[in-house]
Structure formats: C-alpha cells, structure tokens
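Report on the structure given below.
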Amino acid sequence: MSASRRILLTSSIAVIFAIVVRVSLSPSPSQCRVIPRDAAWPSTDGWDSFNTSVGGKLIATIPIGAPCHQIFSSGSNISTYDQAQCDALRNTWFFPETHLVSSSSPMAYQFGNNTCNPWSSSDTPCILGGQVVYSVNATSYVDIQKAIQFSEQHNIRLVIRNTGHDYLGKSTGAHALAIWTHYMKDIKLIERYDGKNYSGPALKVGAGVEGIEAYEFASANKLMVVGGNCPTVGLAGGFTQGGGHGHLASKYGLSADQVLEWEVVTGTGEHVIANSESHPDLYWALRGGGGSTFGVVVSMTIKAYPDTFFSTAYATVLNDGTNTDALWEAVGVFIKTLPRLVDSGVYVVWVAVPFGFLLMPAIGPDLHQNDLDELLQPFTDKLGELGLQYDYQSWEKPTFLANYQSLTASWNVSDYNLGGRLIPRSLIEENPQAFTDAVRFIGSQTIISGVTFNVDKGVASPNDVAVNPYFRKALMGISLGTSVDYTNWTATLNGQDIITNVFLPKLAALAPQGGAYLNEADFQASDFKSLFYGPHYDKLSHIKSIYDPNDIFYARTAVGSDRWFEDAEGRLCKV
Ligand SMILES: Cc1cc2nc3c(=O)[nH]c(=O)nc-3n(C[C@H](O)[C@H](O)[C@H](O)COP(=O)(O)OP(=O)(O)OC[C@H]3O[C@@H](n4cnc5c(N)ncnc54)[C@H](O)[C@@H]3O)c2cc1C
Ligand SMILES: *[C@@H]1O[C@H](CO)[C@@H](O)[C@H](O)[C@H]1NC(C)=O
Ligand SMILES: *[C@@H]1O[C@H](CO)[C@@H](O)[C@H](O)[C@H]1NC(C)=O
Ligand SMILES: *[C@@H]1O[C@H](CO)[C@@H](O)[C@H](O)[C@H]1NC(C)=O
Ligand SMILES: *[C@@H]1O[C@H](CO)[C@@H](O)[C@H](O)[C@H]1NC(C)=O
Ligand SMILES: *[C@@H]1O[C@H](CO)[C@@H](O)[C@H](O)[C@H]1NC(C)=O
Ligand SMILES: *[C@@H]1O[C@H](CO)[C@@H](O)[C@H](O)[C@H]1NC(C)=O
Ligand SMILES: *[C@@H]1O[C@H](CO)[C@@H](O)[C@H](O)[C@H]1NC(C)=O
C-alpha cells in the first residue's frame, strides 16, 4: 500500500469516525431539546443537586403500569412484576383517581405512546415512552422557578402537569421534566374582593385545587363557584386557562370569565400578579388562551356567588333495533328545545350511542323542578306520542353541592380517543334537521355527546377574556370518541384518524368557518390556530413572546407549538 493511499485511508477512517461521533452526540442544542441518551443530559450528580435545591421533591418516573411487566427499563433494568398489584391496577385503570395521584400517567392513554400497557404481555419491558422522565412535586412558586431555571439551563423539555386530565396530551411529554402542581392545595375565602370591575366574595385557589375541593369549600361558606362537571378536573390549570364550562355556564358564563387575578411564574422565572392593572395582557391571555403557554399559574382568584337551589333531570331512551327512526325523530325535537333551555339558565349534557340516547343530565340553577320538567316537556311529550319506552327522572336540591352530589355520572377516562367541535346556535335555529342527521350518523357508530349552554347571556364584556369568541355564538360543545383498544395499538391510532377524517368533517361541513374548544378537541386538527383560538391567535402569540421569550413552555396545539415538532423518538425540535 502506498503512503498516499494509507493517508487517504486513515483520513477517511477519521472522517467516518468523526461522523459517527457527531451522530452519537446530540444535535445542535439550539435546535432540539436534550434527551437522556445525549452527552448534554445532566449527570446523576446534576439531578441530585437539583433535587436538593427543590428540597428532595424530585421524582423519577416509574410508570404506574410497571407491576404488570417483568422489568422497567430506563437506562438500567429493574424487576417490577407483581401480579396482585397488576390486577388491582386493571380494576381501577379507568378511574381518574388512579392517574391523578401519579406524577406522570396521562389519562389520555395514547399520549404515553402505548407505554407500559397494563394489558400487554408481561414480557414486554415497561418503558417511559411518552411519559416524563422526572417531576418536581411542587409546593411553592420557588419550586416552580427552580424547575424552569434547571430545564432552561440544560435545554430540557418542560411539561406542566396538574391532574393529567388533558385530552390532547398537553400534560405529558417524552424526555421531559414536569412541574407537578397537584399538591398546591391552598384555598382561601376573600369575603370582599375590591377590584375595578367587581366587588364581592371571591375564592383564591392554589394551582392543584380540584373542582370538588373548591365546591366543598365554597359551599361551607354558603357560596358557589363556576367549575367543571368532573369532580377531579383541576380548577386553575388547563380548565380555566382554556375556558372551562360547567353547571353554571348558562348563568354566569365560562370559568375564564370569573378570574379576577392570577399569580404566575412566567417563562423567564419571574413571579408576578396579573390582573386588570398589573400585566393586563397576561391577565387577558390566561383567561382562555390555553394552559402551558404563558407561565405556570401558582394560584388564581375567582368570583364566588351566593349559593342557590338547583333542579336536575335525566332521561334514557334505548334503541331496541325496531324503534330507531322514532327515536331520532324524538331527538330532533329534543335538539329544538335546547335554545329555550339554555336561555332559562340550564346546562344540558346529552349522549348519543348505538344503544340509545341519554339526557345526563340537564341542570337548572335557580330553577324549580316543575319548571325544568316543563322546559323538557316537548321532548317527553314526543317520546310518549311516538310510543317510545323511556325513563325520566327529575329532582330539586337546595344547594349547588347537594345537587352536585345527587348526580349519578361515572367518570371513566383512558377509554376513548377524542375529537370535538363547537356548534353555532344559528345552525340549530335554522337547520336543526341537518344537525340531527349528523349526530345520528356518528351516534349510530360510536359515542357522541354535547354540552349545551349559553355563555353569552351572563357575561357583560366577553372580549375581556382570550376565550375563542366563537364560544359566545355556540349552543354546544360536541365531544365524540372512538375506543382505545388496549390489545391493538394500530386500531387505537386508526380510531383517532377516523375522528379526524370521517366524523369531525361531518360536523365541519355544517359550519365550515367554525370553532372548537381547545380542551375538548382533536389534537390532530390541522387548522388548530383558527379553530381553537379564532381571531386571537396572533395577539396571544405576541403576548407569549413577552412572557416566554425562550419558548420554555410547549404543548401540542398550544399557542407557539407550531414552532416545534416531535421527531420519531419524541425529541422536541425547532421546525
Ligand atoms: C373526565 C373529564 C371531564 C371533563 N369535564 C370538563 C368539563 O365539564 N368542562 C370543561 O370545560 N372541561 C372538561 N374537561 C376538559 C378539561 O378542561 C381539560 O382536560 C383540562 O385540560 C384539565 O386541566 P387540568 O389542569 O386538570 O389537567 P392537566 O392535564 O394536568 O393540564 C391541562 C393543561 O393545562 C396545563 N396546566 C396545568 N396546570 C397549569 C398551571 N398551573 N399553569 C399553567 N398551565 C397549566 C398543562 O400543561 C396542560 O397543558 C374534562 C376532561 C375530562 C378528562
Ligand atoms: C430526591 O431526594 C429525596 C430525599 O432525599 C429522595 O427521597 C428522592 O428519591 C430523590 N429523588 C430522586 C429522583 O433521586
Ligand atoms: C434490559 O432488558 C432488555 C430486555 O430484556 C435487554 O435487551 C437490555 O439489554 C437490558 N439492559 C440492561 C442495561 O441490562
Ligand atoms: C413510540 O412508539 C414507537 C413504536 O411503536 C417508537 O418507534 C417511537 O420511538 C415511540 N416514541 C416515543 C416518544 O417513545
Ligand atoms: C408530594 O408532596 C406531597 C406534600 O406536598 C406529599 O404528600 C406526597 O406524598 C408527595 N408525593 C410524592 C409521590 O412524592
Ligand atoms: C370592566 O368593565 C367594563 C364594562 O363592562 C369593560 O369595558 C372593561 O373592559 C372591564 N375591564 C376589565 C379589566 O375587565
Ligand atoms: C367504568 O369503568 C368501570 C371499571 O372498569 C366499569 O365497570 C364501568 O362499566 C365503566 N363505566 C362506563 C360508563 O364506561
Ligand atoms: C388491529 O387493528 C387493525 C386496524 O383496525 C386490524 O387491521 C388488525 O387486524 C388488528 N389486529 C389484530 C391482531 O386484531
């Protein structure tokens, strides 16, 4: 071999070596977040000293499904199998409480990327997949500041997790550090809040307070607050920051309409108060512009109202295979009664499924039982006239909480892929049949439900909040789902695609320039900017650039999320 050839060979080995070295090191940190196998990922010592700086509150994720697998594999392998624990987990998997107490488990199963599935073979290793690597069990704004600083310093993806309810996967992320706000449970009564536009009772709730905890606290003080349906959805997190509808929606509007003040740690780590006088832009943006975008909310102060009496009604009509046309004729009448119901302050939840149609329930604040029965009478009369068998029950309760506790709803999660859309009131007033036909098309194949409200009536200045203005024209928010199949991941992914490509287009065709509720929508929506944020997207994006100039907060479909993408292994990179 000649000397020159040898040099050439050696230098090409050097080139190849250089390429190999480059490939195994992280891509340019300015373009992508660092992930655990990168050289730039903090060492064990680095994580330990971070843990010390947050008072030992750092939790390394072990997915809750680990007892159903022989090993949990994350760097090293540890044995995790426990038959009894696995059986117990399978029995409680579909309850929100199972995931709520976890620092990592998303209730929307798909966003863990089929990780550590309790029903897959125990021989498959449990891995982190789409779940966060670490969480800080935050109890103060200082913990939050530390976590922001650490993730920024090391270029690590940051996630904010409260209850883990999010349907769009916004409270989980592969290779991320989470700020877990669940234990920030302070609640305080402010007997008289004196603001520019409001004086009266208010509640200051910590970031981790759940709906039911606020309801109970308010009730003990003869008050009530605007929160959601499900008891365990957080009040100050994604729910209110994204809009938030519940039993009082047709009386007082959305939860975002109630906020008087936010306590926030911004993307630059500053601890600020945002209200109508201090940081009014941030105050506005957090009222409906979406969670995980502008800052980490530490607490919020919301209006509270004097408690009152409520009436509630449930109805069930089963489809026995011979009464289908009659059933849908009655549903058509039901849909036409909705504008009058919501204008009387009623909030209505209905569900259509292949086995029937359910009103579950209609809730009327300040409304007596006989008045609610009367409002629903066109529907019940029609059911009788058509000879349909049905079950109808109604009652009245003296307080918000007594009524809330009388509801029979069961809250299963982790069982559906989700999609959703807001339905304009004008459609129901002008062409209720077209809408009923679309609901029948979907409800004959899968589950579709509507929450029905008037969130315009009770709100003096809807433009003072960032909520998609389409809400004020909407009569209902539709949610529809296809089953998660724990034994067939491909089928689960296909189910989401059917939502995106088959079911939602049926609704979109009825109101093409439409809107969707960012908390109850399809994460695959390609037009999410206009659909979720309406005309506010650019303004929200500008406000984000002020409070989170380094884009430390990211979540699927959040404002600014279009600047990032997840690669095949879940690494977050700039577009
Ligand atoms: C069973 C069920 C019932 C529901 N019922 C209703 C209902 O009746 N009405 C309604 O409007 N919606 C309802 N939702 C939707 C609900 O509003 C969303 O799931 C919402 O995102 C939950 O917020 P969270 O903070 O509890 O959940 P998480 O999943 O923990 O967080 C949701 C989002 O908010 C961000 N976030 C959380 N905390 C903070 C914080 N402190 N600061 C900044 N960002 C934060 C997260 O990063 C994420 O982006 C329901 C959902 C489920 C699963
Ligand atoms: C953080 O520190 C606490 C207290 O020392 C410890 O119990 C915990 O396991 C540590 N977390 C991690 C991820 O090491
Ligand atoms: C962990 O287990 C997996 C699967 O059994 C195996 O492929 C891998 O080599 C193991 N890793 C370590 C570090 O032991
Ligand atoms: C998700 O799972 C697929 C395999 O099913 C894998 O290729 C991909 O890397 C996973 N992503 C994450 C973030 O774990
Ligand atoms: C998180 O912190 C709370 C106290 O604030 C504690 O009760 C809880 O056990 C902690 N959870 C975990 C998983 O460390
Ligand atoms: C206060 O109320 C007035 C009148 O309803 C409205 O124009 C103004 O925008 C409100 N200001 C805030 C900060 O809510
Ligand atoms: C909810 O889950 C429980 C336990 O798995 C199950 O028994 C029940 O039928 C489910 N309810 C609904 C409404 O899906
Ligand atoms: C999984 O679901 C897909 C799509 O629905 C289907 O084609 C496939 O046959 C299913 N696989 C099994 C093993 O059932």
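Per this note's numbering, the sequence shown starts with residue 32, numbered consecutively.
Beta carbons: idealized from backbone N, C-alpha and C, even for Gly.
If you're wondering where the values come from, they're calculated on a predicted model, not measured in any experiment.
{"Item": "According to DSSP, which residues form a beta bridge with PRO385?", "Value": "PRO385 pairs with nothing; no bridge assigned."}
{"Item": "Which of the three DSSP states is assigned to SER171 in this structure?", "Value": "coil"}
{"Item": "Pick out whichever of VAL85, GLN141, LEU199, ILE102 has its Cα sitting closest to the Cα of GLN168.", "Value": "Note on residue identity: the sequence assigns Asn, not Gln, to residue 168. The shortest C-alpha separation from ASN168 is found at VAL85."}
{"Item": "Considering only C-alpha positions, which residue in the set SER80, ALA361, ASN550 is nearest to PRO409?", "Value": "ALA361"}
{"Item": "Just to check my reading of the structure: THR343 and SER437 have Cβ atoms closer than 8 Å, yes? What is that Cβ distance to the nearest angstrom?", "Value": "6 Å"}
{"Item": "Can you pull the DSSP bridge partners for SER297?", "Value": "For the sequence presented, residue 297 should be read as Thr rather than Ser. Note: THR297 sits in a beta bridge opposite GLY326."}
{"Item": "Alpha carbon to alpha carbon, how far is GLY546 from PHE534? Give it in angstroms, no decimals.", "Value": "15 Å"}
{"Item": "Would you check whether ligand 1 has a heavy atom nearer than 6 Å to the C-beta of TRP315?", "Value": "no"}
{"Item": "Does the distance between the C-beta of GLY526 and the nearest non-hydrogen atom of ligand 4 fall short of 6 Å?", "Value": "no"}
{"Item": "Let's test the definition: count the other Cβ atoms within 10 Å of the Cβ of ASN145 and tell me whether it reaches 16, buried, or not, exposed.", "Value": "buried"}
{"Item": "Going by the C-beta, is LEU89 closer than 6 Å to any heavy atom of ligand 2?", "Value": "yes"}
{"Item": "What are the boundary residues of the beta strand (DSSP E) that LEU506 is part of?", "Value": "505 to 514"}
{"Item": "Assuming VAL498 contacts ARG318 (C-beta within less than 8 Å), just tell me the rounded distance between them.", "Value": "7 Å"}
{"Item": "On the three-pair Cβ rule with 8 Å, is the stretch 151 to 160 touching the stretch 80 to 100?", "Value": "yes"}
{"Item": "Here's a check: name, in chain order, each residue in its chain whose Cβ is nearer than 7 Å to the Cβ of ALA469, leaving out the five neighbours to either side.", "Value": "LYS537, LEU538, LEU541"}
{"Item": "Along the chain, where does the alpha helix (DSSP H) that runs through TRP595 open and close?", "Value": "From DSSP, TRP595 is part of no alpha helix (DSSP H) but of the beta strand (DSSP E) over 595 to 597."}
{"Item": "Does any heavy atom of ligand 5 sit closer than 6 Å to the C-beta of THR170?", "Value": "yes"}
{"Item": "Give the straight-line distance between the Cα atoms of GLY321 and ALA589, rounded to the nearest whole angstrom.", "Value": "6 Å"}
{"Item": "Should ALA205 be counted as a contact of ligand 4 given a C-beta to heavy atom distance under 6 Å?", "Value": "yes"}
{"Item": "Let me check understanding here. Comparing Cα to Cα, which of SER171, SER480, CYS261, VAL490 lies closest to HIS213?", "Value": "SER171"}
{"Item": "Measuring from the CB of ASN350, is there a heavy atom of ligand 4 at a distance below 6 Å?", "Value": "no"}
{"Item": "Quick one: does the C-beta of PHE502 sit closer than 6 Å to a heavy atom of ligand 1?", "Value": "no"}
{"Item": "Looking at PRO156 and ligand 3, is the gap between the Cβ and the nearest heavy atom below 6 Å?", "Value": "yes"}
{"Item": "By Cβ distance below 8 Å, which residues in the same chain neighbour SER35 in space, the five residues on each side in sequence not counted?", "Value": "Only weak support exists for where SER35 lies, its pLDDT of 40 falling under 50; the value from the coordinates is given anyway. If we look at SER35 and ignore the five residues flanking it on each side, it has no Cβ neighbours."}
{"Item": "In this structure, how does DSSP classify GLY601 when only helix, strand and coil are distinguished?", "Value": "coil"}
{"Item": "Which value, in whole angstroms, describes the spacing of the CA atoms of VAL490 and TYR283?", "Value": "6 Å"}
{"Item": "Is ASN354 near ligand 1, judged by its Cβ being under 6 Å from some heavy atom?", "Value": "no"}
{"Item": "Could you check how far apart the C-beta atoms of LYS235 and THR332 are, in whole angstroms? I think they sit under 8 Å.", "Value": "5 Å"}
{"Item": "If PHE584 and SER323 are in contact, beta carbons under 8 Å, what's the gap, nearest whole angstrom?", "Value": "5 Å"}
{"Item": "Take every Cβ of the stretch 450 to 464, pair it with every Cβ of the stretch 501 to 521, and state whether three or more of those distances are shorter than 8 Å.", "Value": "yes"}
{"Item": "For HIS310, which residues of its own chain have a beta-carbon under 7 Å away from its beta-carbon, when the five flanking residues on both sides are left out?", "Value": "VAL303"}
{"Item": "Heavy atom of ligand 8 less than 6 Å from the Cβ of THR521, yes or no?", "Value": "yes"}
{"Item": "For ASP558 and LEU603, I'd like the C-alpha separation in whole angstroms.", "Value": "21 Å"}
{"Item": "With ILE478 and VAL384 assumed to form a contact (beta carbons below 8 Å), what rounded beta-carbon distance in angstroms separates them?", "Value": "5 Å"}
{"Item": "For the alpha helix (DSSP H) that contains GLN62, what are its first and last residues?", "Value": "Taken as a continuous stretch (DSSP letters only), GLN62 belongs to no alpha helix (DSSP H), as it is neither H nor E."}
{"Item": "Going straight from the alpha carbon of SER425 to that of ARG121, what length do you get?", "Value": "35 Å"}
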